[in-house]
Every structure is written in structure tokens, then in C-alpha cells.
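Notes follow once the structure below has been shown.
There are 2 protein chains.
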Amino acid sequence: MSPDPATQVDAEGRMLLRIEEFRKRRPRFTDSVVTMAHGAGGKSSAALIDHVFVEAFRNPELENLGDGAVLELPSGERLAFSTDSFVVQPLFFPGGSIGHLAVHGTVNDLAVSGAVPQWLSAAFVLEEGFPVEDLKRIVADMREAAANAGVHVVTGDTKVVPRGTADGLYISTAGVGVVPAGVSLAADRVRAGDRVVVSGPLGAHGMAVMLARGNLDIEADISSDTMALHEQVAALLVAAPSTRWMRDATRGGLATVCNELAGQTGLGVVLDEGLLPVAPAVLGACDMLGIDPVHVANEGVFTAIVAPEEAEAAVVALRETAGGGSAAVVGEIVENPGGMVAMRTPFGGTRIVDMLVGDPLPRIC
Amino acid sequence: MSPDPATQVDAEGRMLLRIEEFRKRRPRFTDSVVTMAHGAGGKSSAALIDHVFVEAFRNPELENLGDGAVLELPSGERLAFSTDSFVVQPLFFPGGSIGHLAVHGTVNDLAVSGAVPQWLSAAFVLEEGFPVEDLKRIVADMREAAANAGVHVVTGDTKVVPRGTADGLYISTAGVGVVPAGVSLAADRVRAGDRVVVSGPLGAHGMAVMLARGNLDIEADISSDTMALHEQVAALLVAAPSTRWMRDATRGGLATVCNELAGQTGLGVVLDEGLLPVAPAVLGACDMLGIDPVHVANEGVFTAIVAPEEAEAAVVALRETAGGGSAAVVGEIVENPGGMVAMRTPFGGTRIVDMLVGDPLPRIC
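If you read the sequences in order, they're chains U and S. Following the working numbering, the numbering of the first sequence begins with 1 at its first residue and continues without gaps. Following the working numbering, the numbering of the second sequence begins with 366 at its first residue and continues without gaps.
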């Protein structure tokens with residue numbers, strides 16, 4: 001029997017668990033009921049998805065666990081296909097609405113898969129008694145967002161559930177995009193030495209929604225960053241054609257995206273806290289709530305892993321795009337410690353950055 | 366000013382509204398809040414979709430109002446793309462579960478668009494406290510249904526909403542299929558003289574779900590017909606290659622599908638009540654509830670409009686498929702009266718068959 005790689009025996013014969021091996025392990029799943037944490041996009045979500053959904057539907061596209069699946073057609077043409085449900089509360093918040101999110105969320109999943117977003121579907125679960133005027137406002141926001149992103153809503157569905165069972169409405173969108181020839185983004189292309197680029201300032205969406213609920217005693221002028229990222233992604237791929245992998249940093253924030261990458265590749269991600277772009281108002285609100293901005297959801301920011309020699313060009317190109325003015329190199333990929341995310345602090349220390357645990361920011365998208 | 370075609374002046378100078386012109390008009394939409402009827406798939410649903418969604422997202426694919434959109438790629442290859450949300454109560458019922466419906470519903474929308482279903486997305490809105498065992502059962506049903514239909518679930522999403530806001534879970538699926546060269550189904554290919562074919566017995570799904578709720582004082586051995594129709598559709602298209610148009614007869618039943626066709630084409634549909642396949646137990650339950658089986662939802666039955674000379678071959682081919690044993694020609698397309706659906710009764714009379722009005726059968730899918 002080969003020894004468990006997660007353990008080692010010390011000089012006195014005691015079995016010790018090696019922390020880094022322990023961290024690389026699949027999260028355990030022993031929950032008997034669904035909890036809010038399963039929807040937060042962090043550790044519990046990953047465990048639920050892994051043990052219930054991936055387990056059942058097992059296929060190579062799904063196991064990739066990307067934001068979108070890349071599919072090959074008989075003609076050789078490649079499609080990206082993605083879906084998201086939106087249950088955000090409140091439905092309207094500074095900077096946008098559930099309608100903007102429903103379009104941007106799926107457009108961005110397609111864009112970071114390397115595709116040009118083309119078509120969307122929209123399925124509505126409406127609560128009996130929901131004002132038609134509000135529905136029209138939300139649909140108008142979707143139309144505006146779709147027009148800006150160059151996509152068409154081509155098919156849909158409407159269901160109604162009784163009063164008290166849907167918080168107004170839930171929207172599920174799915175999207176299809178075409179992946180241009182030559183574009184190939186995959187976690188297994190990431191190498192030690194690659195740079196971590198973020199396209200914009202962190203945490204604005206999550207904080208805007210939290211404050212819009214009005215039950216925190218914090219006043220701050222924070223708007224959601226919700227926007228379509230297809231143009232930023234296209235600019236990046238021109239400037240940095242060797243780009244390895246991209247992901248939009250939604251639920252669970254940058255920390256969760258980096259942890260997923262580390263888990264998939266076995267490589268480590270080292271972030272530089274001093275280089276992370278965060279707006280002062282967002283930083284202040286995070287501080288008061290005791291939440292790290294790297295755990296807060298964004299709806300208009302993506303992370304790209306780029307080749308070291310193309311990192312500067314990537315940032316220059318992103319900064320010329322709308323919304324990309326704060327783009328920055330914020331870290332790099334390392335061989336050791338593998339499988340985890342570390343943060344270098346401005347004081348010279350290093351700390352482990354875990355995935356989001358629990359659900360400090362419920363119903364953010 | 367040209368006279369309103371919906372009116373005529375009688376011998377005494379009175380303005381009369383011509384019923385058939387009135388019926389052809391777009392349903393009016395003056396509702397200020399969402400009602401259960403908006404989700405029933407009938408007249409109110411059509412009005413909401415027309416005035417809120419189609420109005421906002423206006424594009425040729427959406428205006429087709431098919432079950433799925435047919436999209437052309439740069440290579441010339443054609444895709445079908447469709448979505449549905451599922452909010453059925455109860456989640457488990459004789460003959461299936463919300464998991465089966467979530468896969469079959471989208472597979473069937475693709476199949477009746479003429480496509481070979483290939484890939485599905487699945488987005489879950491879970492209620493806090495929902496038992497993980499039930500979720501696993503539902504996901505296992507989805508896996509089984511997907512395997513039988515030859516499709517892969519390649520991408521997904523999970524959200525959690527607080528206790529009391531989602532009746533266990535809601536599932537939204539979207540699907541992508543490839544439309545084989547030469548297949549072209551469209552309402553504008555329908556001609557007077559074409560035959561109306563149904564692929565199986567009507568009303569089983571809706572009645573099975575209604576009785577499973579246990580609040581009606583009716584006992585009957587009725588199982589949902591939920592099944593994937595891709596093989597039946599393929600068999601029909603081989604036997605009847607001139608087939609004009611297909612639609613699966615889900616919410617609102619056969620009557621709604623035929624009314625939508627009549628509305629789109631301006632032609633009339635005449636159904637023969639004596640030819641409609643309905644299981645005796647379903648007919649009995651419908652009778653006790655005062656609901657016409659043509660208004661009851663099916664999840665494993667489609668309607669095809671076929672060329673008159675291919676109608677017999679179509680029925681013969683369907684009857685050889687699994688679940689197609691009751692396939693039958695049940696009516697024909699007529700020039701007059703245009704824009705509406707009529708039913709010839711076994712007693713020699715004829716009555717108008719309207720779309721479903723109100724919501725006698727809520728949350729059926």
C-alpha cells in the first residue's frame with residue numbers, strides 16, 4: 001500500500017497531515033439539506049456541484065468546470081454555451097438591475113471562454129402579483145444590455161408561481177457564442193511564471209447590492225460594475241495572444257477564481273495585496289463588514305492568466321477599453337506551494353487566501 | 366377612412382363585430398400585475414409574451430415564437446436553441462419528476478424545431494433547507510433522461526434562495542441542437558388541405574400532476590407521458606419528408622398549439638373530436654373537472670402538420686416508435702374560417718376551440 005501523500009511520519013513516529021496536501025483535497029460533502037452557503041459561490045458551492053452535479057452528469061465539458069462549455073460542431077466550428085440563474089435582492093440597485101445582470105452574466109461567461117457572444121435565451125419565473133411596470137423596466141434593461149453587448153435574445157419562457165414563492169422574479173439566461181479559430185483558453189495551458197491580470201477594480205458589485213438592501217448602517221457611494229466584458233476580452237486577446245485562461249470574478253470574487261485555478265492545475269497563485277485595484281469606498285465598506293475585497297462578487301471584472309512577456313501589453317490594451325482603466329498585473333503563478341492561493345501583504349508577510357466560506361453576502365446575483 | 370374589417374353594418378345600420386375578425390386580433394394587455402394565468406400557457410401568457418417580451422427584444426428569431434430559435438452560423442450550419450423553466454408541483458408524480466421534465470421539455474423543443482438535440486445547460490434555484498437526497502434523486506432522473514435522449518448536460522449554475530421562496534427547487538434548462546441539412550419547418554409552409562397529426566394520447570401529463578396533488582377527490586391510474594420525442598420526430602421526418610411544422614403540445618395543450626398556428630398563418634384548423642386519442646382514465650378525470658383534454662398539458666406528445674399525401678405514412682411510422690402507438694390524423698388545415706380552430710363533434714356539430722383561458726391547471730411543468 002502506498003502511503004497517503006497527505007500524511008508524513010515525524011521523528012517520533014506520529015502521523016502528521018501535510019497542510020498543503022489536505023488543502024488540495026476535494027472538499028467533503030456531508031450536508032443533508034441545502035444551505036445558503038451552497039449558493040454563495042465558495043467552498044460549499046464547489047462541494048455541492050462536485051458531489052451532486054458533476055458526479056451525475058460526468059462528461060469532459062462539464063468536468064472542465066469553466067464558466068461556459070466549449071463544444072465542437074460537425075463542421076469543426078466551435079461554440080461556447082453557458083447558463084446562469086439570477087436571484088439578486090433587491091432587483092434594482094445603484095448601477096443596474098437584475099435585467100442587466102442576467103444579460104451581462106451570461107455574455108461574460110461566453111466572453112471569458114474565448115467566444116464572441118451571439119445569442120441569448122431568457123427564462124422568467126415570475127411571482128404572482130409582481131408589478132408589470134417593474135417587469136417592463138427589467139426587460140428594458142435586458143434589451144439595453146443585449147444591444148450594448150451585440151447579442152440577441154432569441155428564445156424564452158415564462159412561468160408564474162404563487163404569491164410568496166419567488167421574491168418578485170428569477171431570471172435564467174443561457175447563451176451561445178462562436179469561438180474564433182485559433183483561440184484556445186484552458187487551465188492546462190497555465191505555467192509557473194505566468195502573470196495574473198485583473199481587468200478592473202474589485203468588489204463594487206457585491207458592496208453596491210449589500211448597501212442597497214439598507215439594513216447595514218453604512219453609507220457609501222458605490223455602484224455595481226455590471227457591464228459586458230466582450231470588448232475588453234477581445235482587446236486582451238489581440239494584445240496578448242498567448243493568454244492561457246480567463247474567468248470572470250463573480251460570486252466568491254477573485255479569491256474563489258484563483259483557488260479554482262490552483263485546484264485544477266496543482267500550481268500556486270501568489271497575489272500582491274498592494275497591487276489589487278479596489279476603490280476607496282469599497283475598501284472602506286469591506287473593512288467595516290470584515291470582508292476581504294477578494295471575496296466580494298464583481299459583475300464587470302475578469303481575471304486573465306497571461307504569458308509573462310505579454311503581461312504589460314495586456315494591461316496597456318485593457319486600460320484603453322471602457323471600464324478597463326484600473327487593469328493591472330496583480331500576481332503570478334508559482335510551482336510551490338502548489339494547489340493554493342497566497343497573498344503577499346504590503347508588510348512583507350504572506351497569508352493563505354481560501355475560497356469564500358459560508359455566505360456573508362447572500363443573493364448577490 | 367377604410368372600414369374596420371372587424372365590423373360590419375347590418376340592414377338597420379347597426380355596427381356588428383364580426384366574431385372571426387375579433388378573434389384574430391392580438392389579445393389586449395392591460396394587466397398591471399402578474400397573475401397565475403400569465404403562466405398557464407394560454408391566452409394571458411400569449412398577451413404577456415407579445416406585449417412585454419417580444420416588444421422589447423424584437424428580432425426575427427423571437428418573433429417566430431417557435432419552441433426553439435433556429436440560428437445560422439458563419440459556416441452555414443444551423444443550430445436550434447431553446448429554454449424552459451420548470452416549477453411543477455409536486456416535484457415527484459406518477460411517471461416522472463421535475464428532473465425528467467427539465468430534460469424532456471428542452472429536448473422536445475429542439476426536436477420539434479427539426480434539430481438533433483445535443484447539449485443541455487441546467488440552472489438550479491434551490492430553496493434553503495431542501496433535502497440533498499431529493500436533489501440527488503432529481504439529478505439522477507435528469508441523468509437518466511439525458512442518457513435516453515442522447516444529450517449531455519455540459520454547463521450549469523446553482524443559486525440558493527431563503528427558506529420559503531422557491532417551493533423546493535426550480536430548474537431552468539436550455540438546449541442546443543444541430544438542424545440537419547434539408548430540414549426546414551416553418552408555419553409559413555403550412556397549406557390548406559394539410560393534415561394535423563398527433564403523436565400520442567392527450568392530457569396524461571396534466572392530469573397525472575393534478576391528481577398527484579391529492580386535493581381533488583378523484584382517484585385514477587394516470588401517469589405522466591413525459592418522454593423524449595427526438596426518435597419519434599426523426600421517424601416522422603423520414604416517412605413524411607414534406608412535413609411543414611411541428612410543436613410539442615405542452616402547457617395549454619393541443620388547443621393552444623393549434624390556435625398559435627392559426628394565428629400565425631391566418632389559416633384555420635379543424636379537429637375531429639372523434640379522432641383524438643385520449644385514454645379513458647384521462648377523459649374521465651377531465652370530465653369530472655370540466656376541462657377539455659385539448660387544453661391539458663402533455664410532455665410526450667407533439668403535433669405535426671403534414672402534407673396530405675404523406676399523412677398515412679407519417680402515422681404508420683409514428684405507430685412503430687416507442688410511445689407512438691396512438692398516433693393519428695386528427696384534423697386538417699382549412700382556408701375558411703381562417704385564423705381559428707374548430708372542432709367537429711361526433712354529433713355532426715362544430716364548435717370553436719379557443720386557447721386556454723385563465724389557469725385551471727397551475728404549475729403543471
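We put the beta carbon where it would ideally sit given N, CA and C, even for glycine.
Residue i, enclosing beta strand (DSSP E) - first and last residue
{"i": "residue 539 of chain S", "result": "534–544"}
{"i": "residue 156 of chain U", "result": "152–161"}
{"i": "residue 253 of chain U", "result": "Taken as a continuous stretch (DSSP letters only), residue 253 of chain U belongs to no beta strand (DSSP E), being part of the alpha helix (DSSP H) at 253–265."}
{"i": "residue 667 of chain S", "result": "667–671"}
{"i": "residue 268 of chain U", "result": "268–272"}
{"i": "residue 592 of chain S", "result": "Segment: none, residue 592 of chain S is in no beta strand (DSSP E) and carries neither H nor E."}
{"i": "residue 700 of chain S", "result": "No beta strand (DSSP E) holds residue 700 of chain S; DSSP gives it neither H nor E."}
{"i": "residue 715 of chain S", "result": "715–717"}
{"i": "residue 436 of chain S", "result": "434–437"}
Cβ separation of residue i and residue j, assumed to be a contact under 8 Å, to the nearest whole Å
{"i": "residue 139 of chain U", "j": "residue 99 of chain U", "result": "6 Å"}
{"i": "residue 636 of chain S", "j": "residue 561 of chain S", "result": "7 Å"}
{"i": "residue 706 of chain S", "j": "residue 623 of chain S", "result": "4 Å"}
{"i": "residue 518 of chain S", "j": "residue 487 of chain S", "result": "5 Å"}
{"i": "residue 261 of chain U", "j": "residue 176 of chain U", "result": "With 8 Å as the limit, residue 261 of chain U and residue 176 of chain U do not qualify as a contact, their Cβ atoms being about 25 Å apart."}
{"i": "residue 447 of chain S", "j": "residue 475 of chain S", "result": "6 Å"}
{"i": "residue 698 of chain S", "j": "residue 559 of chain S", "result": "4 Å"}
{"i": "residue 244 of chain U", "j": "residue 306 of chain U", "result": "7 Å"}
{"i": "residue 200 of chain U", "j": "residue 225 of chain U", "result": "6 Å"}
{"i": "residue 207 of chain U", "j": "residue 296 of chain U", "result": "6 Å"}
{"i": "residue 723 of chain S", "j": "residue 402 of chain S", "result": "5 Å"}
{"i": "residue 666 of chain S", "j": "residue 680 of chain S", "result": "Actually they do not touch by this definition, with Cβ atoms about 14 Å apart."}
{"i": "residue 120 of chain U", "j": "residue 151 of chain U", "result": "5 Å"}
{"i": "residue 593 of chain S", "j": "residue 701 of chain S", "result": "With 8 Å as the limit, residue 593 of chain S and residue 701 of chain S do not qualify as a contact, their Cβ atoms being about 38 Å apart."}
{"i": "residue 685 of chain S", "j": "residue 543 of chain S", "result": "Incorrect: roughly 25 Å between the Cβ atoms, too far for contact."}
{"i": "residue 629 of chain S", "j": "residue 557 of chain S", "result": "Contact flag wrong, Cβ pair sits at about 15 Å."}
Limits of the alpha helix (DSSP H) - the one that residue i falls within
{"i": "residue 288 of chain U", "result": "280–289"}
{"i": "residue 575 of chain S", "result": "569–577"}
{"i": "residue 109 of chain U", "result": "98–112"}
Residue i, DSSP secondary structure in three states
{"i": "residue 418 of chain S", "result": "helix"}
{"i": "residue 358 of chain U", "result": "coil"}
{"i": "residue 6 of chain U", "result": "At residue 6 of chain U, the pLDDT of 49 sits below 50, so the modelled position is not reliable; the number obtained from the coordinates is stated separately. Of the three classes helix, strand and coil, the one that applies to residue 6 of chain U here is coil, per DSSP."}
{"i": "residue 503 of chain S", "result": "helix"}
{"i": "residue 597 of chain S", "result": "helix"}
{"i": "residue 320 of chain U", "result": "coil"}
{"i": "residue 658 of chain S", "result": "helix"}
{"i": "residue 17 of chain U", "result": "Note that residue 17 of chain U scores 49 on pLDDT, short of 50, meaning its location in the model is unreliable; the coordinates nonetheless yield the value given after this. It is a strand residue."}
{"i": "residue 60 of chain U", "result": "helix"}
{"i": "residue 443 of chain S", "result": "strand"}
{"i": "residue 409 of chain S", "result": "helix"}
{"i": "residue 31 of chain U", "result": "coil"}
{"i": "residue 190 of chain U", "result": "coil"}
{"i": "residue 123 of chain U", "result": "strand"}
{"i": "residue 498 of chain S", "result": "helix"}
{"i": "residue 705 of chain S", "result": "coil"}
{"i": "residue 366 of chain S", "result": "Confidence in residue 366 of chain S is poor, its pLDDT being 40 and thus under 50, which makes the residue's placement too unreliable to answer from."}
{"i": "residue 315 of chain U", "result": "helix"}
Nearest candidate by alpha-carbon position, reference residue i, set the options
{"i": "residue 641 of chain S", "options": "S:625, S:443, S:630, S:619", "result": "S:619"}
{"i": "residue 601 of chain S", "options": "S:548, S:399, S:646, S:581", "result": "S:548"}
{"i": "residue 491 of chain S", "options": "U:141, U:166, U:116, U:135", "result": "U:166"}
{"i": "residue 643 of chain S", "options": "S:726, S:691, S:655", "result": "S:691"}
{"i": "residue 461 of chain S", "options": "S:727, S:664, S:598, S:397", "result": "S:664"}
{"i": "residue 426 of chain S", "options": "U:148, U:180, U:156", "result": "U:156"}
{"i": "residue 482 of chain S", "options": "U:232, U:73, U:110", "result": "U:73"}
{"i": "residue 129 of chain U", "options": "S:557, S:724, S:525, S:398", "result": "S:398"}
{"i": "residue 163 of chain U", "options": "S:400, S:704, S:730, S:722", "result": "S:400"}
{"i": "residue 727 of chain S", "options": "U:158, U:68, U:29, U:37", "result": "U:158"}
{"i": "residue 753 of chain S", "options": "S:676, S:394, S:501", "result": "A question about residue 753 of chain S goes unanswered here, because the residues of chain S that appear run from 366 up to 730."}
{"i": "residue 432 of chain S", "options": "S:506, S:478, S:718, S:599", "result": "S:478"}
{"i": "residue 256 of chain U", "options": "U:288, U:202, U:103, U:219", "result": "U:202"}
is_contact[residue i, chain B] using C-beta, thresh 8 Å
{"i": "residue 404 of chain S", "result": "Included in the structure are the protein chains U and S, with no chain B among them."}
Residues bridged to residue i (per DSSP)
{"i": "residue 198 of chain U", "result": "U:303, U:328"}
{"i": "residue 449 of chain S", "result": "S:538"}
{"i": "residue 243 of chain U", "result": "Answer is none; residue 243 of chain U lacks a bridge partner."}
{"i": "residue 481 of chain S", "result": "S:543"}
{"i": "residue 613 of chain S", "result": "S:667"}
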